[in-house]
Amino acid sequence: MWSNMWTHSTKTALTIIILVLTLTPASAINVVCSLPDFMPIVKAIGKEKVNVTSIMPAGADPHSFTVTKSTMDSIEDSDLILLVNSKFLHFEEKIKEKYGYKCLDFDDYKKYGAKLDSFPKYNKNPHGYWLKLDNGIAIAKAFTNALSEISPQNKDFFEQNLKVFVSEVENSKRVTREIIRERGLENKSCVAIVPGVCYIIQNMGMNVGDVLLGEELGFASGKNIAEIEHKLRTKYCCIVLPEFMRESKAGEIARQLSMDTGKPIVYVKFVMAGKNDSYAGLHYKNLIRFAELGDFKLKCNQSYELFVALVLLAIIPILLLKMRGGI
């Protein structure tokens, strides 16, 4: 009798354990990004199946940022680390040396189509390349593949999210072309204060006429500034600066150029993303800033209606992400 009771109890206990294991969701995949701008891509693909953090805080300078021992220790338990380019950012070298086996790096994104474009003073510019919309898609594809290897049972889920992400980005490109053309900004040239905003200008279907400052090149010479001032007065339409640099030396130079030439400054989002932002949504926010430059021959009500439409375009991707449970 005791034997039968023990057998029955054992079977019941095993059944309960199996049910608990079946019903308990698998722990989320821990993903660490070196820069905050990668977090929206991670959330778009992984959604609730990933936990994502950024090593560098939003608004920091990637070239002066350093990682502490506590930071290095804190990412030990991560399942995957997304780097920008360990050959370019010094603080990523340390991370790659210790955790290279679980890192995605620029060479991984290149396999899916990521590339560096050339701009004035910068051949194959590595600054801010992830903001080029096509490069964002390439990063998302590389990340989807890596996630599917870590969690093969969720491969279909990740690939479906990738399709949605690609669709949203492609749609943002189409909307951008229409808005920029309507505002009379297509192929207009801008001055990039730093090389990191070149790809943002390119996304708008506009040209980078010149780059004023750079980490390697330092501050521009007086002669170079005079040449840029002349072109701003005669042909360039605006000055483009990351919003987080507004109060920096670069921001001061931009304001002086604007005062001297009468051309506006466009403040854009760069290394300022949060986990609740969407990749396309950040692009739309930058599009709004550029659209405000547009053809002022438009009637006031047309301009206002366009501005409202752009605001909606910026928030819709975020709302969709929330509805899908991504944030």
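Following this note's numbering, the numbering of the sequence shown begins with 156 at its first residue and continues without gaps.
Ideal placement from N, C-alpha and C gives every residue a C-beta, glycine not left out.
All figures in this text were calculated on a predicted structure; none of them were measured in a lab.
Contact between F246 and V222 holds: CB atoms are separated by about 5 Å, below the 8 Å threshold. Exposed is the label assigned to M414, since fewer than 16 other Cβ atoms lie within 10 Å of its Cβ. Bounds of any alpha helix (DSSP H) do not take in S209; it lies within the beta strand (DSSP E) bounded by 205 to 209. Counting other Cβ atoms within 10 Å of its Cβ, S182 stays below 16 and is therefore classed as exposed. The straight-line gap separating the alpha-carbon atoms of K198 and L437 is approximately 14 Å. The region 355 to 367 and the region 383 to 394 touch, with no fewer than 3 CB-CB distances between them shorter than 8 Å. Leaving aside the five residues that flank P195 on each side, the residues in its chain whose CB is nearer than 6 Å to its CB run, in chain order, A428, D432, S433, Y434. In this structure, the CA atom of G291 is about 19 Å from the CA atom of P397. Using a Cβ-Cβ distance cut-off of 8 Å, the region 287 to 303 and the region 266 to 278 are in contact, since at least three pairs of beta carbons, one from each stretch, lie closer than that value. Assigned with DSSP and collapsed to three states, C188 falls in strand. Contact annotation: I334 and L442 have beta-carbon atoms nearer than 8 Å. Under the rule that a run must span 4 or more residues, the alpha helix (DSSP H) segments found entirely inside the region 235 to 278 read 245 to 254, 261 to 265. Just so you know, the alpha carbons of I184 and I394 end up roughly 41 Å apart. Pairing L259 with K251, the inter-Cα distance amounts to about 9 Å. Burial is judged here by how many other beta carbons sit within 10 angstroms of a residue's own beta carbon; E323 has at least 16 and is buried. Nearest to V187 by alpha-carbon distance, out of G214, D216, G255, H218, is G255.
By the 16-neighbour rule on beta-carbons within 10 angstroms, A381 is exposed.
C-alpha of F320 to C-alpha of R336: approximately 24 Å in a straight line. In the three-state reduction of the DSSP assignment, D365 falls in the strand class, which pools E and B.
Listed in chain order, the non-local C-beta contacts of R410 below 8 Å within the same chain comprise I420, local neighbours out to five positions each way being set aside. In this structure, M211 lies near L190, with their beta-carbon atoms less than 8 Å apart. V352 has its alpha-carbon roughly 10 Å from the corresponding atom of K287.
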